[in-house]
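The working numbering numbers the first residue of the sequence shown as -10 and each following residue consecutively.
Written out below as structure tokens is the structure these notes cover.
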Amino acid sequence: MAHVVRLHFAKYAQIALSVAAAMMAIIVPSVDAAESYQINASQEVTVDEHGVCKKVTNNHSSAIFVPTKTDTEWGAFRTNATLIALADCAAGVCTPGSQVFNTGDNQNFVVPANCTSVSVKAWGAGGDFGDADGVGGDGGGGGYAGATLTVTPSETLKVRVGSPGGGQYASDYGWGGNGGGSSSVLRGTTVLIEAGGGGGAAAQGPGGAGGGIRACASPGNQAGQNATPGSECGGGGAGYCRGSTVACGGEGGSSYVPAGGVELPGSGSTPGNAGDPDRGTAGDGSIWINMAGTPLGAGKVKISW
-10 MAHVVRLHFA
0 KYAQIALSVA
10 AAMMAIIVPS
20 VDAAESYQIN
30 ASQEVTVDEH
40 GVCKKVTNNH
50 SSAIFVPTKT
60 DTEWGAFRTN
70 ATLIALADCA
80 AGVCTPGSQV
90 FNTGDNQNFV
100 VPANCTSVSV
110 KAWGAGGDFG
120 DADGVGGDGG
130 GGGYAGATLT
140 VTPSETLKVR
150 VGSPGGGQYA
160 SDYGWGGNGG
170 GSSSVLRGTT
180 VLIEAGGGGG
190 AAAQGPGGAG
200 GGIRACASPG
210 NQAGQNATPG
220 SECGGGGAGY
230 CRGSTVACGG
240 EGGSSYVPAG
250 GVELPGSGST
260 PGNAGDPDRG
270 TAGDGSIWIN
280 MAGTPLGAGK
290 VKISW
């Protein structure tokens, strides 16, 4: 004779359980495959959902399906599912590591298992130089942004690395340099941290360094600007707020950091936090030398956990 036991879980409303008297098997139907575990006979599974870590042992010959639950729901399930032994288990360990992004837009970073925070260092790209009749201007260095972000294990964040402001636009008087791209980490379309790019130099004047915090309309990952064709003026750097081109030397893009973060603007062609050993050449603005320029530094993002 089969008995029907009706349990009530807040999340799943009422779930009917059929208990065969002869077999004494308890089968909890799966409401959603993504929200349940199948535990085969004689197996032990660690269930870690909703911030609750439990070790579930199936002592029966049949498979048992266990919905993931909140702490309160685990108590109800433990009371009624007598064939399953539950015990607290230690939370998983976040194994230290890091990942570096040197190029590219819209790359994915998957948060490692058991990690609930990551440390981010970001440099915006440098701006390009300008030139006119043997007199030139230096491109601005990129800004730096650093912060610890709260994350969810296995979630995917988007990483964007700023491209250097390579290329100039010629005019009758010379040329201006392009602004550098910003480097950022986003959750969906929300900017979590961003380092501004350096401004492009004018034909006879420097571009502004990236970084700094300022207000603007529609902030958040604004694209930089190239130098204007037919003009000797440089382009503004990308950033949380892009750099303006009101001044002939492009302004550097601004940065954004969450509460507790560190924002260090560049200075001249030197990027912010230039002495950090993780930087390499990231964020270097191009320095004018006899109608040529020193190599530009692309942006960079390093994520550690």
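Where is the CB? At the ideal position from N, CA and C, for every residue including glycine.
Given the structure is predicted, the values throughout are model-derived calculations rather than measurements.
Excluding sequence positions up to five before and after ASN97, its CB lies within less than 8 Å of the CB of THR145, LEU146, LYS147, VAL148, all in the same chain and listed in chain order.
Distance from the CA atom of SER106 to the CA atom of PHE118, rounded to whole angstroms, is 39 Å. Looking at the DSSP output, PHE118 shares a beta bridge with no other residue. The beta carbon of SER293 sits closer than 7 Å to the beta carbons of SER87, VAL107, SER108 from its chain, once the five residues preceding and following it are set aside; these are given in chain order.
Boundaries cannot be given for ILE276, as no beta strand (DSSP E) includes it and DSSP labels it neither H nor E.
Taking all protein chains shown into account, VAL140 has 16 or more neighbouring C-beta atoms within 10 Å of its C-beta and is therefore buried. Secondary structure at ASN91: coil, using DSSP grouped into helix, strand and coil. A distance below 8 Å between beta-carbons, with the five flanking residues on each side excluded, links VAL82 to the following residues of its chain, in chain order: ASN103.
Per the C-alpha coordinates, the member of GLY261, ASN279, MET280 positioned closest to ASP273 is GLY261. Within 10 angstroms of the beta-carbon of ALA198 lie 16 or more other beta-carbons, which makes it buried. DSSP places LEU253 inside the beta strand (DSSP E), whose first and last residues are 251 to 253. Per DSSP, GLU144 has no beta bridge partner at all. Put simply, of VAL246, ALA192, GLU252 the residue whose alpha carbon is nearest the alpha carbon of ALA121 is ALA192.
If you compare the alpha carbons of TRP112, THR92, GLY282, VAL150 with that of GLU252, the shortest gap goes to TRP112. Residue LEU285 holds the alpha-carbon nearest to the alpha-carbon of GLY269 among LEU285, THR179, GLY249. The beta carbon of TYR133 sits closer than 6 Å to the beta carbons of TRP112, ALA184, LEU253, GLY261, ASN262 from its chain, once the five residues preceding and following it are set aside; these are given in chain order. Judged by DSSP secondary structure, TYR133 falls within the beta strand (DSSP E) whose first and last residues are 133 to 139.
The beta-carbon separation of ALA190 and GLY116, rounded to 7 Å, stays under the 8 Å limit for a contact. With a cutoff of 7 Å on beta-carbon distance, VAL89 and GLY288 are scored as not near each other. About 3 Å separates the CB atoms of GLY255 and GLY130; that is less than 8 Å, so the two are in contact.
With distances taken between CA atoms, LEU138 lies nearest to SER173 out of GLY166, ASP127, SER173. Straight-line measurement puts the Cα of GLY188 at about 6 Å from the Cα of GLY169. Beta-bridge pairing by DSSP links GLU240 to no other residue. Burial check for GLY93: the Cβ neighbour count within 10 Å stays below 16, so the residue is exposed.
In chain order, LYS147, ARG149 place their CB closer than 7 Å to the CB of ASN95, counting only its own chain and leaving out the 5 sequence neighbours on each side.
ILE182 and ASN167 have their C-alpha atoms some 23 Å from each other. Taking 8 Å as the upper bound for CB-CB distance, GLY165 and SER258 are not in contact here, some 15 Å apart. The beta carbon of THR283 sits closer than 7 Å to the beta carbons of SER275, ILE276 from its chain, once the five residues preceding and following it are set aside; these are given in chain order.
Beyond the five residues adjoining it in sequence on each side, GLY123 comes within less than 8 Å, by CB distance, of ASN279, MET280 in the same chain, given in chain order. Residue state for ARG268 is assigned as coil, using DSSP reduced to three classes. Cα atoms of PRO266 and VAL100: separation of roughly 24 Å, rounded to the nearest angstrom.
Beta-bridge pairing by DSSP links ALA281 to ILE278.
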